[in-house]
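This report concerns only the one structure given below.
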Amino acid sequence: MVDSTATADPAHETPPARGSLLGRSSGLRTALLLLPPMLWLGVAYLAALAALFVTSLWTQNDFTAAIERIWTFDNYRQLWEIPVYRTIAFRTIGIAALVTVIDALLAFPIALYMAKVASHRAQRLLVIAVLMPLWASYLVKAYAWRGMVSQGGLIDWIGKPFGLHSPGYGLVATTITLAYLWLPYMILPIYAGLERVPDSLFEASGDLGAGSFTTLRRIVLPIAFPAVVAGSIFTFSLSMGDYIAVTIVGGKTQLLGNVIYGQLVTANNQPLAAALSIIPLAAIILYLLAMRRTGALENV
Amino acid sequence: MTITHTRTRALGAVLGVAALVLVAGCGTQGGSSSSAAPGKQGFTPPDVPMQQSLGTMEGQVNILAWPGYAEDGSNDPKVDWVTPFEKQTGCKANVKYFGTSDEAVNLIKTGGYDVVSASGDASLRLVASGDVAPVNTALIKDYADIEPFLKDRPWNSVNGQMYGVPHGWGANLLMYRTDQVKPAPTSWGAVFDQSSQYQGKVTAYDSPIYIADAALYLMKTQPDLGIKDPYALDQKQLDAAVSLLKDQRKNINEYWSDYLKEVQAFKTGDSVIGTTWEVIQQVAAGEKVPVKAILPTEGATGWSDTWMIAAKAQHPNCAYAWMSYITEPKPQSEVAQYFGEAPANGQACKLTGAAFCRDYHVTDQKFANKIWYWTTPISQCLDGRTDTTCTDYGQWTQAWTEIKG
Numbered sequence: 010m011v012d013s014t015a016t017a018d019p020a021h022e023t024p025p026a027r028g029s030l031l032g033r034s035s036g037l038r039t040a041l042l043l044l045p046p047m048l049w050l051g052v053a054y055l056a057a058l059a060a061l062f063v064t065s066l067w068t069q070n071d072f073t074a075a076i077e078r079i080w081t082f083d084n085y086r087q088l089w090e091i092p093v094y095r096t097i098a099f100r101t102i103g104i105a106a107l108v109t110v111i112d113a114l115l116a117f118p119i120a121l122y123m124a125k126v127a128s129h130r131a132q133r134l135l136v137i138a139v140l141m142p143l144w145a146s147y148l149v150k151a152y153a154w155r156g157m158v159s160q161g162g163l164i165d166w167i168g169k170p171f172g173l174h175s176p177g178y179g180l181v182a183t184t185i186t187l188a189y190l191w192l193p194y195m196i197l198p199i200y201a202g203l204e205r206v207p208d209s210l211f212e213a214s215g216d217l218g219a220g221s222f223t224t225l226r227r228i229v230l231p232i233a234f235p236a237v238v239a240g241s242i243f244t245f246s247l248s249m250g251d252y253i254a255v256t257i258v259g260g261k262t263q264l265l266g267n268v269i270y271g272q273l274v275t276a277n278n279q280p281l282a283a284a285l286s287i288i289p290l291a292a293i294i295l296y297l298l299a300m301r302r303t304g305a306l307e308n309v
Numbered sequence: 006m007t008i009t010h011t012r013t014r015a016l017g018a019v020l021g022v023a024a025l026v027l028v029a030g031c032g033t034q035g036g037s038s039s040s041a042a043p044g045k046q047g048f049t050p051p052d053v054p055m056q057q058s059l060g061t062m063e064g065q066v067n068i069l070a071w072p073g074y075a076e077d078g079s080n081d082p083k084v085d086w087v088t089p090f091e092k093q094t095g096c097k098a099n100v101k102y103f104g105t106s107d108e109a110v111n112l113i114k115t116g117g118y119d120v121v122s123a124s125g126d127a128s129l130r131l132v133a134s135g136d137v138a139p140v141n142t143a144l145i146k147d148y149a150d151i152e153p154f155l156k157d158r159p160w161n162s163v164n165g166q167m168y169g170v171p172h173g174w175g176a177n178l179l180m181y182r183t184d185q186v187k188p189a190p191t192s193w194g195a196v197f198d199q200s201s202q203y204q205g206k207v208t209a210y211d212s213p214i215y216i217a218d219a220a221l222y223l224m225k226t227q228p229d230l231g232i233k234d235p236y237a238l239d240q241k242q243l244d245a246a247v248s249l250l251k252d253q254r255k256n257i258n259e260y261w262s263d264y265l266k267e268v269q270a271f272k273t274g275d276s277v278i279g280t281t282w283e284v285i286q287q288v289a290a291g292e293k294v295p296v297k298a299i300l301p302t303e304g305a306t307g308w309s310d311t312w313m314i315a316a317k318a319q320h321p322n323c324a325y326a327w328m329s330y331i332t333e334p335k336p337q338s339e340v341a342q343y344f345g346e347a348p349a350n351g352q353a354c355k356l357t358g359a360a361f362c363r364d365y366h367v368t369d370q371k372f373a374n375k376i377w378y379w380t381t382p383i384s385q386c387l388d389g390r391t392d393t394t395c396t397d398y399g400q401w402t403q404a405w406t407e408i409k410g
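As given, the protein sequences belong to chains A and B, one line each in that order. Here the first sequence stands for residues 10 to 309, where the numbers follow the numbering used here. Here the second sequence stands for residues 6 to 410, where the numbers follow the numbering used here.
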C-alpha cells in the first residue's frame, strides 16, 4: 500500500506524462487498479478489526460510562471467570456447527441433483428456486418460522395426527430457522463445484465397475469437499454472528450476539462488547485454519 | 410495503424501548411516590438563560425525537401532525429520530438541534451538562392544561424550575389471557412466586431494567430487604431480585422486546401472562384475543417523556412554537393514539374519546402515583442512602445476562 501511494504520486505531479507512463508500466497500472480495494480492505476492514481489539483492552468509567484508555486484560478476565459467558460461547459454537452440518446434509443431494441429474431447463428453474428465498427479507422469513413453530401453528397442525408437538420457541426452533435461512449459501457453492466436474469422470468410474454409491464416495465427495467447505464457512460464520433469529424464535435462550448487543447498546460498555466480539472472531479464524489444514481452501 | 412499514415501526418501538433504559450519567430521583427535595439530584445545573419572550419565527426548527413522536405522514399518510404545524407557524420541521437515549444526548451536544423528547434517563444528564435551557412555561400555550401530577417532577425540573414540557407517559402492566388464567390475578406474584401455575407460558420484558419489576415486587412482599426504590439496589437486594428472576425463568416462554412479538405470542397462546404496555393490550384485544391488562396492587414501573429545548438552539422561537404545538390537545391526541401512551394534556381526551383516556388513565393521578418511572440505576443510591453503594446499570446488564443464562 505504501508502495502504491508512492508510485501514484509522480503520476499526479506530471500529468502530461501520465498516459504514456501508465501505458509503459503495467506494474503501475496494477497498483492503481488495486489501490481502492486494498484501501477498502485495509482501512475499513482490517483497521476496524484492529480498533475492535484495541478497544477490548480498555476499560470503562462506571459512573460516566466514558471509555478510559488504560491498558488492561480485565475484560478478558471477566470472560474467563464469569461462567455464563463460557456457557453462551459454547452454546453459540454448538448451534453454528449443528446448523452447518444440517445444511451440508440437506444441500448436498439437492446440489448433486441440480448439477448432474436435472435437465437443463429444470436446472435453471431449480437455481431460481434456491435463490428465490434470498429475495425475501430476513425478518419476514424469521417471523414466518415464528408463526410455524407457535402453538397451533403449522408444525403443530401437521404433527397432530402423529401425536407430535411443535418444539416451541427455543434452541430447536433457532437451529431450524438458521438452517433454513443459510441453506442457499450452502447449496450454491456445492452446485457450482459439482457442475465443473466433467461427466466423463462419472462414466469412467462406472466403466471401471464402481456402483453409484462407490462413485459418490470415491469420486464426487472428494471433488465436492472444497465446495462444501466454502459453503460451511458461510453457514458457520453467519450462524456465529446471528442474534436476530434467536430473539424471534429462540424463546428465552440467548446467543453471543445478544450478549454483545446488550453490552454495546444497553449497557454502553464498548470495551466488554469488543472483548466478547473476539470470541466469534477467534472461533471463525480457528475454523478457517482447521479447514486450511485439510487442504480444502487451496482448491476453492 | 405494508410489511416494511410494520417492520420499521416495530423496529422503532424496539429501539425506542431499548433506549429508554440506557445508561445515564447522573442521578435521577426515581419513583413518583417519593417527593423531590431541592437539590436531591445532587448537582447544581449550570446557569443557562431562559427565554423571556417570543420573537419572529426563524422559518425552521430541528427536532430530535423518539420514533413516532413527530410523524409527518411519510410512514403513514394518515399519521401526520408535523405538516399542520408547518402550515400554522411557517417553521419547516426537520425531524431526526433517535434510537437510544445515549444517541439523543450525543446528538444534542453537536449543537445542531433545537428541541428533544427526552426520557427520564436522559433528561437530567442534559440539564446537568448545560445542554438544555430552562423552559419558560408562560410561553407554552396550553401549559395550564397539562396534568398537574406531571409538573415539577424530579426528572423534568431542578429546584422548582421546569426544564421541559411533559409529553406523555405510560405504565408496564400485567396482561393475561382471560380464558386461561383463572382466577384473575391482582398481584405481580402471578408472574413471580406463583409463576409455576403457568409453566412455560409466562413472558417478561427483555431488558435489564426489568430487574426493577422484580425489585418492586420484593419491596412490597419482603420488607426485610429494605428496598425503598426499585432503581436503588445494593448488592444484597440485587441478588435477591436476581434469584427471584432466575426462579421465574424456569416458567418463562420467552422474553419480549418487540411489542408485535408479544401480541402474537398471546394470540397463539404461547404466552398467557406477563408484563405488557397498554398499547399491546389494545392491539391484542383488537385482534380478538381475550386479554386484560391490570395495574397490580404493588404498583408498576413505567416511563415519562419531556420535550426540552437546547441551550444553543439556533431556532428558539420555532422551538417554543413546536413545544407549544405538540402539547396542544389535537397533536397530543394523535401522538398518544399512534404511540399508545397517556398524553400529558388531559384536554386531548375530548378528541381521543373518553374510552381511550379511561384505558390509558390519562387524568388518573392515583394510577400515575403507583408508577415508578424508568430511571437508570447508578452507584450513588437514588433513595438517598449514603452508607452503602448501589449497583449500577452495568451490573444490572451483567445480572440480566446471567438470569437469561
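Built from N, CA and C at the ideal position, the CB exists for glycine as well.
Looking at B:L356, B:T311, B:T381, the one whose alpha-carbon comes closest to that of G175 (chain B) is B:T311.
Within the segment 101-167 of chain A, no run of beta strand (DSSP E) reaches 3 residues while sitting entirely inside it. In the DSSP annotation of this structure, the continuous segment of the beta strand (DSSP E) that includes P171 (chain B) starts and ends at 170-182.
For V139 (chain A), the closest of A:L115, A:L37, A:T262 by C-alpha to C-alpha distance is A:L115. In this structure, the beta-carbon distance from I376 (chain B) to H172 (chain B) does not fall below 9 angstroms. Listed along the chain, the chain A residues whose CB falls inside 7 angstroms of the CB of Y260 (chain B) are K261. With a contact defined as Cβ atoms closer than 8 angstroms, V84 (chain B) and E76 (chain B) qualify at about 5 angstroms.
Comparing C-alpha distances from P142 (chain A) to each of A:S209, A:S34, A:G36, A:L190 shows the shortest one belongs to A:L190. With respect to chain A, the C-beta atom of T273 (chain B) has a partner C-beta closer than 9 angstroms. Around the beta-carbon of F99 (chain A), fewer than 16 other beta-carbon atoms lie within 10 Å, marking it exposed.
Nearest C-alpha to G64 (chain B) among B:K97, B:F90, B:R363, B:P82: B:K97. The alpha-carbon of G169 (chain B) is positioned some 17 angstroms away from that of T49 (chain B).
In the structure shown, E152 (chain B) falls within a coil segment according to DSSP collapsed to helix, strand and coil. Take the alpha-carbon of F90 (chain B) and the one of D397 (chain B): they are about 41 angstroms apart.
Non-local C-beta neighbours of C354 (chain B) in its own chain, meaning closer than 6 angstroms and more than five positions away in sequence, comprise C362, V367, ordered along the chain.
Rounded to the nearest whole angstrom, the CA to CA distance from F243 (chain A) to M195 (chain A) is 7 angstroms.
For T39 (chain A), the enclosing alpha helix (DSSP H) covers residues 35-48. Within chain B, no residue has its beta carbon less than 9 angstroms from that of V237 (chain A); the closest one is some 34 angstroms off.
Between A113 (chain A) and A290 (chain B), the alpha-carbon positions lie close to 44 angstroms from each other.
Between Q400 (chain B) and L243 (chain B), the CB-CB gap stays under 9 angstroms.
Taking the C-beta atoms as reference points, A324 (chain B) is found nearer than 9 angstroms to V120 (chain B). When the alpha-carbon of Q56 (chain B) is set against those of B:Q166, B:F271, B:P321, the nearest one is in B:P321. Around the C-beta of D275 (chain B), 16 or more other C-beta atoms lie within 10 Å, and the residue is accordingly described as buried.
For N278 (chain A), the chain B residues whose Cβ falls inside 8 angstroms of its Cβ are G399, T402, in order along the chain. Every alpha helix (DSSP H) of 4 residues or more that sits fully in the segment 224-299 of chain B is shown, in chain order, as 240-254, 264-273, 283-291.
When the Cα atoms are used, T183 (chain A) and N267 (chain A) turn out to be separated by approximately 13 angstroms. When 8 angstroms is used as the limit between beta carbons, G172 (chain A) is near no residue of chain B, the shortest such separation being about 19 angstroms. The three-state reading of DSSP puts D251 (chain A) in coil, since its state is none of H, G, I, E or B. Flagged as an interface residue toward chain A: G410 (chain B), by a C-beta distance shorter than 9 angstroms.
For the pair A209 (chain B) and P301 (chain B), the CB atoms are not nearer than the 9 angstroms cut-off. Residue contact check for W405 (chain B) against chain A: a CB pair falls below 9 angstroms.
Under the three-state reduction of DSSP output, L264 (chain A) falls in the coil class, being neither helix nor strand. Under the Cβ criterion of 9 angstroms, Q204 (chain B) is not counted among the residues facing chain A. In the DSSP assignment, W308 (chain B) falls within the unbroken beta strand (DSSP E) covering 305-315. For T394 (chain B), same chain residues with a beta-carbon under 6 angstroms away, outside a window of 5 residues either side, are S384 in chain order. Contact residues of the segment 278-293 of chain A toward chain B are N278 (C-beta to C-beta distance below 8 angstroms).
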